[in-house]
Amino acid sequence: MGARSLSLPFELRYTQPLEEAVEEVAQALDGGYGLAPRSIALLLLQGDEATVQRVGARQPEVVRRSRELAQALEAELGQPVALAVAAERYRWSQRVAAAVVQERAARDDTLGERLGRWAMHPWVGLLMVAGVLYALYQFVGLFAAGTVVDWLEETLFENWLTPRVNAAVAELIPWPWLQELFAFDYGLITLGLRYAVAIVLPIVGAFFLFFSILEDSGYLPRLALLLDRLCKRLGLSGRAVIPMVLGVGCGTMATVVTRTLETRRERVIATFLLALGIPCSAQLGVTMALLAQLPWGLVLWGGVVALVFLTAGFLAARLMPGEPPLFFSHIPPMRWPRGKNVLVKTAARMQWYFLEVLPIFLLASVLIWLGRLTGLFELLTGALEPVLAAMGLPAEAAVIFLYGFFRRDYGAAGLYDLADAGLLAPAQLVVAAVTLTLFLPCIAQFGVMWKERGPRVALTITGVVLLVAFGTGWSLHHAITWVGGVF
Amino acid sequence: MRNRNDSRLREEAGRPRPWARPRWARRGRRAGGGACGGTSCGCPGAVGARQAPAGARRVALVGSPNVGKSALFNHLTGAYATVSNYPGTTVEVTRGEGVVEGETVEVIDTPGFYSFLPVTEEERVTRRLLVEERPDLILHVVEAAALDRMLPLTFQLLEAGFPVILVLNMMDECERLGLSVDVDALSARLGIPVVATVAATGQGVDQLKQEVAHGGRSLLESAI
Amino acid sequence: MVDGRQKTRITLSRLAEGERAQVVQVTAREGALAKLLAMGILPGVELSLVQAQPLPVVRMGSTTVALDRELAQLVEVAPLGPGSRPGRGGRRRCRWWRRG
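Protein chains in written order, with my numbering: chain A, 1 to 487; chain B, 1001 to 1224; chain C, 2001 to 2100.
See the structure below:
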């Protein structure tokens, strides 16, 4: 069998008039396009955008001719060339398959098939979504963000590494202003590295692992199809569910993944919603802890953030020009994920994450250092104070908002300290938590927004997010004051 | 989004392989972004990927998602595999090294691909990869039970001038569904080698390796 | 299996759950057409509707695809009557291969 020749005996000839057109265009092509001329000719006749551009750059006359031919073909065949070509190939395929495939016996259902159907069921599917979210919360929210992060932060950094680094830096570097670049509250090692290793590594790692398992099991397309109609109201398609779910892990990664969305409109809306209303796991964890003693506050926080998220999406869908997206997806059978594949994928994502995002965290540490050194931060916090006062928040909260941008969870953690110190009334706490959740994403996400969507979109989104965040905080403050005595 | 850990750049230098990358393939790459269509990918000049020793043949696993490409990849390659984003995209491409009858080949596991008229970013990446890297041999992996839906891609790969081995995977599933496929008849009809495998268990992998060892190499130029 | 009882054409979005049909025409153009082709929905293909809510899910041979109603409206099909609905008591004669 091995010695069989690989020449091309199978005749891939189309019926007339298609074949004639393919031949003509293929003859006119001078090669150099990476695929055989017949292949390129077919792509041109089907109007493939990328091929038209590539060939057009060198042989514009061929593109013109193929466009004429395609128009003539379409008129003659009464259907688009792409459809005619696909139909013809499918006919060949059926002919071949009919000759070699035999149906012997009937099929039976496997557990995977049944599970796969339940996962798409209008309401059983939604129950399964709830189950998956609960598992995600248990694994990422409680186990990774709780147990593992606590151990790493306290045991590894606070009790062991940080004091040693602080001591060593204090000894080696005589100037306090330079000491702070590396150590103490906002240093490269004590903040930047600690953040990356103790907080981001376990949370993001656990999330990526969970996500890879979901991906390999074939569940994600089912999730997308279940939520497609909701997404459509927000100007997105079911496909956007994937970056949105990822955003709960890390908004920065999710913003990169919005690339897989089809239209620019969808990408911009998804980027905007990620920046506004999807709290990342680091932030979510601290907010939960913060409001744990305040059940009504937690409910109010969740309700307001969800409301703002949905309203913003709804308005974005109305206001953004462009076609609404179309959704389609192959639904693979549900399968048990394979350990090795899942691990390889998770490791690759972690690697990407560290190479792309760690430098930004380190940069953020340098920026905080510079900002404090030059007094720029004091200026900015001073400017923020009146805005916060309008929301009924104390001046001390300004620092939190500013630092929150550089380290999203730091803002929430700072709130925690303020509340601990008795500086925030419950109502203020809720207002601050809501505003901070809606407030700008972290600097890493901002950087990725800039890189992926361009400065104009990034800055516009930033402006809108700031306005919505403070506007919501202000309204919420006044609403709570107005309801008054209830609390 | 360059992948800074990409081993490709290091190994790109000084490896003349004229037979594997004809003049037109090189030109196509430089012409900017290859077959990348969407505005979504930044398309920095793509780099040819190299892992296996210089001159090793490149064998690409191509096919729709969920047909068992990754499992086959694991059978064909050893322990070492690198997963990296294709340049300018978030789409992951896995590469590894395999040995077939004493010959070392580079094995590439490509993202899900339905047709040469790409709709998704994954498809765009695979098409770019096929155009830019011009693999020496394509293993078109199909789900045996869905043969008639997957053969159109086999036709397109042949049309594009690639040496193709058709891999009928998941033959166990096919039997479970009560279907049987006459492998020799299929091979005779298509004029290309056809191998039946069960990637989950490794059944048929040895025969696939034999085919890989014998297939592809010398016919690249003549096929175009 | 084609009983030819009705030659009526309806859009895929109106096919009943569990019903089989043959694709007669695809009226989509450009992007929508490319999507339908990528899914393998083209004239001549036989399919059955697995479920209609929340989105139409279609089965062709061993392939399953989901598409939104907007796309489903661009596919004209000729119903072929109810098919064996997967999982709801299809033929279950031969089970021997599961023991292996």
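For every residue, glycine included, the Cβ atom is placed at its ideal position computed from N, Cα and C.
Can you pull out the residues from the region 2032-2045 of chain C whose beta carbon lies closer than 8 angstroms to at least one beta carbon of chain A? Near chain A, meaning a CB-to-CB distance below 8 angstroms, the residues of the region 2032-2045 of chain C are Ala2032, Leu2033, Ala2034, Lys2035, Leu2036, Leu2037, Ala2038, Met2039, Gly2040, Leu2042, Pro2043, Gly2044, Val2045.
Chain B contact for A:Ala348 (CB, 8 angstroms cutoff): At a cut-off of 8 angstroms, the C-beta of A:Ala348 has a neighbouring C-beta in chain B.
Note the first and the last residue of the continuous alpha helix (DSSP H) segment covering A:Phe139. Here A:Phe139 belongs to no alpha helix (DSSP H), and DSSP marks it neither H nor E.
Measure from the C-beta of C:Gly2081 to each C-beta in chain B and report whether the shortest distance is under 8 angstroms. Chain B has no Cβ within less than 8 angstroms of the Cβ of C:Gly2081.
Between the region 243-253 of chain A and the region 161-171 of chain A, can you find at least three pairs of beta-carbon atoms closer than 8 angstroms? The region 161-171 of chain A vs the region 243-253 of chain A: no contact.
List the endpoints of the continuous beta strand (DSSP E) containing C:Glu2017. No beta strand (DSSP E) holds C:Glu2017; DSSP gives it neither H nor E.
By alpha-carbon positions, which one of C:Ser2062, C:Thr2063, C:Lys2035, C:Arg2014 ends up nearest to A:Ala86? By alpha-carbon distance to A:Ala86, the top candidate from C:Ser2062, C:Thr2063, C:Lys2035, C:Arg2014 is C:Lys2035.
If distances are taken between C-alpha atoms only, which option among B:Glu1097, B:Ala1146, B:Glu1132 comes closest to C:Thr2063? Comparing C-alpha distances from C:Thr2063 to each of B:Glu1097, B:Ala1146, B:Glu1132 shows the shortest one belongs to B:Ala1146.
Taking the Cβ atom as the reference point for each residue, do B:Lys1069 and B:Leu1076 lie within a distance shorter than 8 angstroms? For B:Lys1069 and B:Leu1076, no; Cβs fall outside 8 angstroms.
Can you check which of these residues, A:Val62, A:Leu300, A:Arg91, A:Ser329, is closest to B:Ser1064 by C-alpha distance? The shortest Cα separation from B:Ser1064 among A:Val62, A:Leu300, A:Arg91, A:Ser329 belongs to A:Ser329.
Compare the C-beta of B:Asp1182 with all C-beta atoms of chain C and state if any pair is closer than 8 angstroms. Answer no: the Cβ-Cβ gap between B:Asp1182 and chain C never drops below 8 angstroms.
According to DSSP, B:Leu1137 sits in a beta bridge with which residue or residues? Answer by DSSP bridge pairing, in chain order: B:Val1059.
Name the residues in the region 235-262 of chain A whose C-beta lies less than 7 angstroms from a C-beta of chain F; which are they? Note that chain F does not occur in the displayed structure, where the protein chains are A, B and C.
According to DSSP, is B:Ser1180 helix, strand or coil? Strand.
Going by C-alpha distance, which of A:Leu363, A:Leu467, A:Ala289, A:Gly392 is nearest A:Asp420? Per the Cα distances, A:Ala289.
Measuring alpha carbon to alpha carbon, tell me which of B:Leu1151, B:Val1083, B:Lys1209, B:Pro1087 ends up nearest A:Val100. Proximity to A:Val100 across B:Leu1151, B:Val1083, B:Lys1209, B:Pro1087 peaks at B:Leu1151, based on C-alpha coordinates.
Neighbour flag for B:Glu1121 against chain C, beta carbons, 8 angstroms: So, not an interface residue.
With a threshold of 8 angstroms between beta carbons, is C:Ser2062 in contact with chain B? Chain B contact via Cβ: present.
Within 10 angstroms of its Cβ, does A:Arg318 collect 16 or more other Cβ (buried), or is it exposed? Around the C-beta of A:Arg318, fewer than 16 other C-beta atoms lie within 10 Å, and the residue is accordingly described as exposed.
Suppose only complete runs of 4+ residues qualify. What are the alpha helix (DSSP H) ranges in the region 1101-1154 of chain B, listed by chain order? Counting only runs of 4 or more, we get 1121-1133.
Beta bridge counterpart(s) of A:His330 as assigned by DSSP: For A:His330, which the question treats as bridged, DSSP gives the partners C:Val2065.
Which word fits A:Gly78, buried or exposed, when buried means at least 16 other C-beta atoms lie within 10 angstroms of its C-beta? With fewer than 16 other Cβ atoms within 10 Å, it is exposed.
So what does C:Ala2078 bridge to, in DSSP terms? BP columns for C:Ala2078 point to C:Gln2022.
C-beta contact flag for B:Val1083 and A:Lys345 at 8 angstroms: Contact flag set, yes.
For C:Leu2047, the three-state DSSP class (helix, strand or coil): Reduced to three states, the DSSP call for C:Leu2047 is strand.
In chain C, which residues lie with their C-beta within 9 angstroms of the C-beta of A:Pro80? Within chain C, the residues whose beta carbon sits less than 9 angstroms from that of A:Pro80 are Val2026, Ala2028, Arg2029, Glu2030, Leu2033, listed in sequence order.
Alpha carbon to alpha carbon, what distance is there between A:Thr51 and A:Leu73? Distance between the alpha carbons of A:Leu73 and A:Thr51 is about 19 angstroms.
Length-filtered (4 minimum) alpha helix (DSSP H) runs lying within the region 314-375 of chain A: Runs of the alpha helix (DSSP H) inside the region 314-375 of chain A: 339-374.
Whole-Å CB distance - A:Leu83 paired with C:Val2075, under 8 angstroms assumed: The pair is not a contact, with the Cβ atoms about 11 angstroms apart (cut-off 8 angstroms).
Do you know how far the Cα of A:Leu45 is from the Cα of A:Ala26? Using only the alpha carbons, I get a separation of about 10 angstroms.
Where does B:Asp1148 land, buried or exposed, given buried means 16+ other C-beta within 10 angstroms? The C-beta of B:Asp1148 has 16 or more other C-beta atoms within 10 Å across all chains shown, which makes the residue buried.
Tell me the DSSP secondary structure of A:Asn159 in three-state form. Shown here, A:Asn159 sits in a helix according to DSSP, grouped into three states.
Residues of chain A with CB under 9 angstroms from B:Asn1085, in chain order? For B:Asn1085, the chain A residues whose C-beta falls within less than 9 angstroms of its own C-beta are Ala348, Trp352, listed in chain order.
What is the DSSP secondary structure of B:Asn1074, counted as helix, strand or coil? When DSSP states are grouped into helix, strand and coil, B:Asn1074 belongs to the helix group.
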